[in-house]
Structure formats: C-alpha cells, structure tokens
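K.L.:
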Amino acid sequence: MLPPRAFVLGHPISHSISPAIHNAAFELLGLPVRYGAWDVTDDELPGAVIEVRGPDVLGANVTVPHKERVIPLLDRIDPAAEVIGAVNTLYKRDGQLRGDNTDAAGFLRSVLEVGFGPRGASVLVLGAGGSARAVCHALLGAGVASIVIANRTLPRAEALARHLRSRHPAARVEPMALDGVTGSAVRDVDLLVNTTTVGMHEEASPLPAGLLPRGALMVDIIYNPPRTTLLRQAEAAGLRTLNGLPMLVYQAAAAFETWTGQSAPVAAMFAAARAALGQQHGA
Ligand code: ATR
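When we follow the numbering used here, the leftmost residue of the sequence shown carries the number 9, and every step to the right adds one.
(1) Between Ala212 and Gly149, what straight-line distance do the alpha-carbon atoms span, to the nearest angstrom?
(2) Any idea what DSSP makes of Thr97, helix, strand or coil?
(3) What residues match up with Gly67 in a beta bridge as DSSP calls it?
(4) So the candidates are Leu36, Met9, Thr71; which of them puts its Cα closest to the Cα of Ala275?
(5) Any heavy atom of the ligand ATR within a distance shorter than 7 angstroms of the CB on Arg173?
(6) Is there at least one non-hydrogen atom of the ligand ATR closer than 7 angstroms to the beta-carbon of Pro221?
(7) Hey, is Asn96 close to the ligand ATR, as in C-beta under 7 angstroms from one of its heavy atoms?
(8) Do Gly67 and Leu98 come within 8 angstroms of each other at the CB atom, strictly closer than that value?
(9) Would you please state the rounded distance, in angstroms, between the beta carbons of Val131 and Val197? I believe it to be under 8 angstroms.
(10) How about Leu10 and Val41: do their beta carbons lie closer than 8 angstroms?
(11) Leu199 lies in the beta strand (DSSP E); which residues open and close that run?
(12) Can you determine whether any heavy atom of the ligand ATR sits closer than 7 angstroms to the C-beta of Asn159, and answer yes or no?
(13) What first and last residue would you give for the alpha helix (DSSP H) that runs through Asn325?
(14) Would you give the residue range spanned by the beta strand (DSSP E) that Ala244 belongs to?
(15) Please name the residue, chosen from Ala129, Ala261, Pro63, that lies closest to Ser271 on a Cα-to-Cα basis.
(16) As an exercise, report each continuous beta strand (DSSP E) stretch of at least 3 residues that is fully enclosed by the region 89 to 141, in chain order.
(17) If you measure from the CB of Arg282, is any heavy atom of the ligand ATR nearer than 7 angstroms?
What follows is the structure, encoded as structure tokens:
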C-alpha cells in the first residue's frame, strides 16, 4: 500500500495545476493517493519537510520559491538536482528523504517528442534564471553543440555560462545581452527557448519578431497563457512551436514514476492539465 498523501509545496500555490495532473494519474491507476497544494512560507518550509518525512506521505513536489532553499533540509540530492542547484521532487528511498529535479528531463522529453535532434544543434536560450539553468543542462547533457544565453541582465548570463562551461567543458556556451541579439546571432539557430517571464502576464515578447530564426523550433516554457505573443509571432513566421505544457506534464510524469514505480498515464495527465487551465481561464 502506498502512503495516501502527496503535495506540492510553494508560495503562492493556489493556481497550481499539479494537483489536477497528479490526481488524474492516481485515479486512473486506482491508487488511493490524494495530492494537494500546500501553501508554505519560507518560515514554514522546515516544518513542512518534517511532515513530508511522515509515514503517511508518498512524496512531494517543490515549486517557487523553495526549489533551492529546500536542499539543506534533505538527506541526499540526486545528480540532476545537484547540477541544476534546484529540487522539484522529494521522494523516499532507504529511509532517506531525497531531492531530484525532473524539470530538465521533462523539457528534454518535450522537445525530443516533436522531433528535435540535439546532437550538434545550435541553441539560443532567452533568460538566465533557474528555468534557463535546467533547460541548458538538459540540452548540454543531450549533446547540443552550442548555446547562446541572452539575458536582460548580462552579468547573470555570464554567470550561468561560466557555471555551464565548468560542468560541460566541451560545449560552446556564450553569454549575450538580450538587447544585443542580432540577425547574425540567430541565423543558424536550430532551437530557440524562451525561459523569461515576458509574455506570462502581458502581451509582450522578449525578442523582436524580425529576429526569429527561420526553420528553428521555438519553445516557450510558459504554458499559461497557452500561446504567448512570442509563440504567435513564431507561428506567423512559419516556425514550429511548442509551449510549456508538455514540459510541465513530463516533469510531473517523471516524479509520479519515481513515487509509484509505475508508468505515468501521460494522456490522462495532459487532459487533466488542459481542463484545469481551461477552468482557470473560465473563472
Ligand atoms: P525562473 O526561475 O523561472 O527562471 P527567474 O530566476 O526569476 O525565474 O528568471 C526570470 C528570467 O526572466 C530572468 O532571465 C529575467 O531577466 P533578468 O535576469 O534580467 O531579471 C527575465 N525577465 C523577467 N522580466 C523580464 C523583462 N521584462 N524583460 C526581459 N527579461 C525579463
């Protein structure tokens, strides 16, 4: 029998669609687990992690703003989470509470599924925050040849590039200011990934439409709204596009499989995610 409770810990958390995604999967497989959203402030995080250690808890996800600060509260960190410097999944093995990061694997699965071939590819990543870090590690681990990191704040792009080079010495990783991106910088790009928050709350794009690389796959890791200004511009320019929903569902699927040892029913998880987002838009 699996422990009957699971959570996502975050703050704020009320708009999380993780409960809908995971509960659909538990129900479909007939597993008596309820997954809830738990609003946890910074001060409450240590107590919440103690609760997760309890025998009635299967595991947990961790989201903004706790992905980094949860690390010292755990017994062991898996290699992906160590390299990314952030944990999104807590699980139990051999009496330990461990932390993993399934965001990178979720991102990679989402782009491989639509036919992206990472070997030797040239990538432009917009943004240099935690999401960019996970995306870049996933891509470098999968064998892309080069990544340009373009960020509004250049020193942050430089710091991320240094970190990535230290972990992947054979890769070409170059930092750039976002407003310094030119036509020549994007010409041979096979994959463009937006990890900035631009377009999440407003009709705005982090890159002028004229700079969209022809023939590239354009991924915006934002899933709400489902089609950002940038994705619409990319579609209009004839690029193949992908939003962040597959990444979200596949990171959830990887966590689900770690907790249950069973294959995640991803079709049901996609359907639940779309329904939950539709309800939020309708609200
Ligand atoms: P996450 O962990 O989701 O990546 P984050 O660490 O807060 O979130 O990073 C947000 C990213 O969006 C950063 O790259 C940020 O750029 P700065 O490093 O210059 O802050 C980027 N971003 C946010 N608002 C932006 C804006 N208006 N224009 C361009 N980039 C923006």
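For each residue, glycine too, the CB sits at the ideal point set by N, CA and C. Values in this document were obtained by computation on a predicted structure and should not be read as measured data.
P.N.:
The structure says:
(1) Rounded to whole angstroms, the gap between the alpha carbons of Ala212 and Gly149 is 31 angstroms.
(2) strand
(3) Ala14
(4) Of the residues Leu36, Met9, Thr71, the one whose Cα lies closest to the Cα of Ala275 is Leu36.
(5) no
(6) no
(7) The beta carbon of Asn96 sits no closer than 7 angstroms to any heavy atom of the ligand ATR.
(8) yes
(9) Contact holds; Cβ gap of about 7 angstroms.
(10) yes
(11) Here the beta strand (DSSP E) through Leu199 covers 199 to 202.
(12) yes
(13) Given a span of 9 to 291 for the chain in the structure shown, any question on residue 325 remains unanswerable.
(14) Taken as a continuous stretch (DSSP letters only), Ala244 belongs to no beta strand (DSSP E), being part of the alpha helix (DSSP H) at 237 to 244.
(15) Ala261
(16) 97 to 101, 104 to 108, 130 to 134
(17) no
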